[in-house]
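Asker: In the UniProt record's numbering, the protein residues as written are 1 to 207.
1) Tell me the DSSP secondary structure of residue 29 in three-state form.
2) Got a sec, what are the start and stop residues for the alpha helix (DSSP H) residue 189 sits in?
3) My guess is that residue 171 and residue 186 are in contact by the Cβ rule of under 8 Å, so how many angstroms apart are they, rounded?
4) Between the C-alpha atoms of residue 100 and residue 129, what's the straight-line distance to the nearest angstrom?
5) Tell me whether residue 54 is buried or exposed, calling it buried when 16 or more other Cβ atoms sit within 10 Å of its Cβ.
6) Determine the burial state of residue 118: buried for a count of at least 16 other Cβ atoms within 10 Å of its Cβ, exposed for fewer.
7) Tell me which residues share the same chain as residue 203 and place their Cβ nearer than 8 Å to its Cβ, disregarding the 5 neighbours each side in the sequence.
8) Taking DSSP as the reference, what is the three-state secondary structure of residue 170?
9) Beta carbon of residue 180, beta carbon of residue 193: below 8 Å?
10) Please classify residue 31: is it buried, with 16 or more other beta-carbons within 10 angstroms of its beta-carbon, or exposed?
11) Under a three-way DSSP split, which group does residue 163 fall into?
12) Buried or exposed for residue 189, please, with buried defined as at least 16 other CB atoms from any protein chain shown within 10 angstroms of its CB.
13) By alpha-carbon positions, which one of 126, 147, 56 ends up nearest to residue 176?
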């Protein structure tokens, strides 16, 4: 059996090829790592951008809510300031006239027991005034409705003398019944109606 020939040391070509292959493998690994890091960074950037947009939308919503709340609280705040001012300027009779105890109108609350009681009284008075205004408006609305229904009934007869003693609303009703304009002052209405009767004397019952 022949003896194998002894092998010499690796040639320079083999060493260079091995080094190049190792370098290429290491470069590919670095590129893969860099690619993964860039991909991860891009995903994080998108997440941050989405979060920023979400926060901006939430901030805009909070601005709108805050503006609505300020508008809603504006009138009650003015009303409280007005009531506190009235409380400061109120005068009472206790043997002799003297001014009521001063209240800080810029304070958020009234800590004085006397001030609290008087403020509550003023609030109740304001509520009564508002209720009275509502009742007056409702009464006027009912009267106007009844008046309109009365106008729509053309079988009514207008009695009495046609002169300046007639109230303006009576003249307006008469003008409406005659299909005349109702606008204008009382004297204009009266002259308009008299002119209409002079033009159509058959409408007068005293002829």
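By construction, the Cβ of each residue, glycine as well, lies at the ideal position given by its N, Cα and C atoms.
Note that the coordinates shown come from a computational prediction; the quantities given were computed from them, not determined experimentally.
Answerer: Looking at the atomic coordinates:
1) Within the chain shown, numbered from 1, the residue matching residue 29 stands at position 29. The answer is helix: DSSP assigns residue 29 an H, G or I state.
2) Locating residue 189 in the chain shown gives position 189, where the first residue counts as 1. Note, residue 189: alpha helix (DSSP H), 186-199.
3) The residue given as residue 171 occupies position 171 in the chain shown. The residue given as residue 186 occupies position 186 in the chain shown. Indeed they touch by this definition, with Cβ atoms about 6 Å apart.
4) Walking along the chain shown from the start, residue 100 turns up at place 100. Walking along the chain shown from the start, residue 129 turns up at place 129. Legend: pLDDT at residue 100 = 48, less than 50; position of this residue unreliable, value from coordinates given subsequently. The alpha-carbon atoms of residue 100 and residue 129 are separated by roughly 23 Å.
5) The sequence position of residue 54 within the chain shown is 54, counting from 1. Classification for residue 54: exposed.
6) Working through the chain shown from its first residue, we reach residue 118 at position 118. When all chains shown are included, residue 118 counts as buried.
7) By one-based count along the chain shown, residue 203 stands at place 203. So the qualifying residues of the chain are 178, 196, 197.
8) Translated into the one-based positions of the chain shown, residue 170 becomes position 170. Looking at residue 170 - three-state DSSP - the assignment turns out to be helix.
9) Locating residue 180 in the chain shown gives position 180, where the first residue counts as 1. Locating residue 193 in the chain shown gives position 193, where the first residue counts as 1. It is a contact, given that the beta carbons lie within the stated cut-off.
10) Counted from its first residue, the chain shown places residue 31 at position 31. So residue 31 counts as exposed.
11) As a first step, residue 163 must be located in the chain shown, where it is residue number 163. Here residue 163 sits in coil by DSSP.
12) Residue numbering aside, residue 189 sits at position 189 when the chain shown is read from its first letter. Per the 10 Å Cβ criterion, buried.
13) Along the chain shown, read from residue 1 onward, the residue named residue 176 stands at position 176. If we check each option's Cα against that of residue 176, 147 comes out closest.
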